[in-house]
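For the sequence shown, full-length UniProt numbering assigns the number 1 to the initial residue and increments by one for each residue that follows. These notes are about the structure you will find just below.
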Amino acid sequence: MKNMGNMMKQMQKMQKDMAKEQEQLKEETVEATAGGGIVKVIASGDKRILDIQISEEAVDPDDVEMLEDLVLAATNEVLSKVDELVEERMGKFAKGMNIPGMM
1 MKNMGNMMKQ MQKMQKDMAK EQEQLKEETV EATAGGGIVK VIASGDKRIL
51 DIQISEEAVD PDDVEMLEDL VLAATNEVLS KVDELVEERM GKFAKGMNIP
101 GMM
């Protein structure tokens, strides 16, 4: 029974540590660029797009599709980087545990 109590304390500590890490991720930012830097997207660690910067040279009224593609590429790249950041930070909590749905 004592082992069960210790296990519960460890699980509560892990939950608290995970919640703290999730809060810290909200403050982290990740950025990605496309088109050699003419489009830049910045996202938070909880996958909120915070900023999109588009250089004037990317704005061509005759080729809006290219700009759309650049914005899409930079957005997808930044979201992939956020996934990597989250895996790096939160993955440590799932190591050694075989819990479905954990990283």
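Glycine residues also receive a C-beta, built at the ideal position from the N, C-alpha and C atoms. No experiment lies behind these values; they were computed from the predicted model shown.
Query - Assigned exposure category for V41 - 16 Cβ within 10 Å defines buried - result: Position 41 of the sequence shown, counted from the start, is the residue given in the question as residue 41. Per the 10 Å Cβ criterion, buried.
Query raised in the report: Would you call the stretch 84-96 and the stretch 16-26 touching, i.e. three or more CB-CB distances under 8 Å?
Result: yes
Query raised in the report: Quick one: Cα of S80 to Cα of D46, how far?
Result: Mapped onto the sequence shown, residue 80 falls at position 80. Mapped onto the sequence shown, residue 46 falls at position 46. Cα-Cα distance, rounded: 12 Å.
Query raised in the report: Going straight from the alpha carbon of D69 to that of K9, what length do you get?
Result: For the purposes of this step, residue 69 is taken as residue 69 along the sequence shown, with counting starting at 1. For the purposes of this step, residue 9 is taken as residue 9 along the sequence shown, with counting starting at 1. Taking the straight line from one Cα to the other gives about 50 Å.
Query raised in the report: How about T29 and I49: are their beta carbons less than 8 Å apart?
Result: In the sequence shown, the residue the question calls residue 29 occupies position 29. In the sequence shown, the residue the question calls residue 49 occupies position 49. Contact flag unset, no.
Query raised in the report: In whole angstroms, what is the alpha-carbon distance linking V71 and M7?
Result: Working through the sequence shown from its first residue, we reach residue 71 at position 71. Working through the sequence shown from its first residue, we reach residue 7 at position 7. Taking the straight line joining both Cα atoms gives about 47 Å.
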